[in-house]
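A quick write-up on the structure given underneath.
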Amino acid sequence: MGKVDFGGVVKDVCLAYLPGIAVGEYAVVHAGFAISRLDEAAALETLRTFAAMESPNEEPL
0 MGKVDFGGVV
10 KDVCLAYLPG
20 IAVGEYAVVH
30 AGFAISRLDE
40 AAALETLRTF
50 AAMESPNEEP
60 L
């Protein structure tokens with residue numbers, strides 16, 4: 000188990016599928032399980048996409 004920061008909300012997540020993940024790395028989390036590791040570029044692009052979906056009338060970052 001580990002703590003994951005979801006943009007300021009910290010939750011406990013099962014890390015059994017990613018035993019080598021380290022502090023500062025990015026992961027896809029589903030239903031309380033970290034299921035895939037992302038590199039920083041992919042993670043930031045995903046976060047930008049989510050932000051654009053939340054505010055579709057605003058200019059992208």
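Numbered by numbering that gives the first Met the number 0, the letters in the sequence shown go through residues 0 to 60 in order. Ideal placement from N, C-alpha and C gives every residue a C-beta, glycine not left out. The structure displayed is predicted, hence computed values, not measured ones.
Between which two residues does the alpha helix (DSSP H) harbouring residue i extend?
i, result
"residue 43", "39-53"
With distances taken from CA atoms, which of the options is nearest residue i?
i, options, result
"residue 5", "49, 56 and 54", "49"
"residue 16", "40, 52 and 28", "28"
"residue 30", "42, 39 and 10", "10"
At what residues does the beta strand (DSSP E) containing residue i begin and finish?
i, result
"residue 26", "25-29"
"residue 1", "1-5"
Does DSSP classify residue i as helix, strand or coil?
i, result
"residue 22", "coil"
"residue 33", "strand"
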